[in-house]
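In the UniProt record's numbering, the protein residues as written are 1 to 112.
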């Protein structure tokens, strides 16, 4: 492991995550143990990911498909300066979408 990034939550708890190398060219100051303090709170770092999830859910819930259930799975990486971002699983971004439909309930009075 290269080091840790510490994110504070809104209530002051500390969430430590494995560091991700950032390509911004800036250098963060770390403690002697390789731990870096994040520039954002944990919740603030996840804001963009939450917005992406909400947007994806709108896309799959609206329109002609009308599934009963939508599951969206993606990997998230956390970086000290940029916050959270969707991690790539291959050369492209990683996103798994599962749509489900329940069988229609039989109508009342229908013959068996």
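Heads up, the beta-carbon is just placed ideally off N, CA and C, and yes, glycines get one too.
Distance between residue j and residue i (C-alpha atoms, nearest Å)
i: residue 45; j: residue 77; result: 10 Å
i: residue 50; j: residue 5; result: 20 Å
i: residue 84; j: residue 40; result: 10 Å
i: residue 98; j: residue 48; result: 21 Å
i: residue 13; j: residue 61; result: 35 Å
i: residue 35; j: residue 7; result: 11 Å
i: residue 59; j: residue 3; result: 37 Å
i: residue 86; j: residue 15; result: 18 Å
First through last residue of the alpha helix (DSSP H) which encompasses residue i
i: residue 52; result: 42 to 61
Enclosing beta strand (DSSP E) for residue i [first to last residue]
i: residue 79; result: 76 to 79
i: residue 82; result: Counting along the chain, residue 82 falls outside any beta strand (DSSP E), and DSSP gives it neither H nor E.
i: residue 9; result: No beta strand (DSSP E) holds residue 9; DSSP gives it neither H nor E.
i: residue 99; result: 96 to 100
Exposure of residue i, with buried meaning 16 or more beta-carbon neighbours within 10 Å
i: residue 19; result: buried
i: residue 80; result: buried
i: residue 38; result: buried
Closest Cα partner of residue i within the set the options
i: residue 64; options: 101, 17, 72; result: 101
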